[in-house]
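Trainee: Before we start, here is the structure in question, set down as structure tokens.
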Amino acid sequence: RMEVLLGFGASILPNEELVFRSDEEANKIVTFERNSLPVSGSVIVERPVVSPLPTIVTRGPTKLSFCEDFHLDASGSYGAAGRALKYSYGILPNVPNDTTISGLLEELSRNSAPRLSLSKDYFAPGVEY
């Protein structure tokens, strides 16, 4: 049994073929102890039985004063088995300026920005967002 762990930037996808070459120009894949013949042949890449989950780490305020802008930082998040994280944001409906704020958050989500800042001018005092 061989398990291949792909790191950041890997471009192979499930159901694609992974070919192990043992010819002269190939990097030889052998056991760690180097006591085996080079691997050759091919396999079809399968999805893991349990998909790895990212760990979400955010920094930001739980409450704002009337004169503070809102800043959220999710750049400490990690995981996803070497794949780049994609960030998306949203807002609960039926709050003041929800359409405007939603548009700003959609733009940040399109750019997959790990940090966001929103002006205090978008928020109404005494409202939970």
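Our numbering numbers the first residue of the sequence shown as 228 and each following residue consecutively.
Note that CB positions come from ideal geometry on N, CA and C, so glycine has one too.
Whole angstroms are fine: how far does the CA of Ser278 sit from the CA of Leu245?
Mentor: Rounded to whole angstroms, Leu245 to Ser278 spans 20 Å at the Cα level.
Trainee: Let me check understanding here. Comparing Cα to Cα, which of Ser238, Leu345 and Ser339 lies closest to Ser304?
Mentor: It is Ser339.
Trainee: What ranges does the alpha helix (DSSP H) occupy inside the segment 259 to 290, keeping only unbroken runs of at least 4 residues that lie completely in it?
Mentor: With a minimum length of 4 residues, no continuous alpha helix (DSSP H) run stays inside the segment 259 to 290.
Trainee: What are the boundary residues of the beta strand (DSSP E) that Glu244 is part of?
Mentor: Unbroken beta strand (DSSP E) run through Glu244: Glu244 to Phe247.
Trainee: By Cβ distance, which residues of its chain are closer than 7 Å to Lys255, with the 5 residues on each side in sequence left out?
Mentor: Within the same chain, Lys255 has close Cβ partners Ser249 and Pro265.
Trainee: Please give me, in chain order, every unbroken run of the beta strand (DSSP E) with length at least 3 that falls completely inside the segment 288 to 341.
Mentor: Runs of the beta strand (DSSP E) inside the segment 288 to 341: 297 to 300.
Trainee: Throw me the rounded Cβ distance for the Ser336 and Tyr314 pair, which I believe falls under 8 Å.
Mentor: Between Tyr314 and Ser336 the Cβ distance is about 7 Å, and since that is below 8 Å, they are a contact.
Trainee: Whole angstroms are fine: how far does the CA of Ser267 sit from the CA of Ala331?
Mentor: It is worth fixing the name first, because residue 331 is Leu in this sequence and not Ala. Rounded to the nearest angstrom, the two C-alpha atoms are 51 Å apart.
Trainee: Please report how far the alpha carbon of Leu280 lies from the alpha carbon of Leu312, in whole angstroms.
Mentor: Going from the Cα of Leu280 to the Cα of Leu312 covers about 11 Å.
Trainee: Whole angstroms are fine: how far does the CA of Asn262 sit from the CA of Arg274?
Mentor: If you take the alpha carbons of Arg274 and Asn262, they lie about 30 Å apart.
Trainee: Tell me, please, which residues DSSP counts as bridged to Ser344.
Mentor: His298, per the DSSP bridge assignment.
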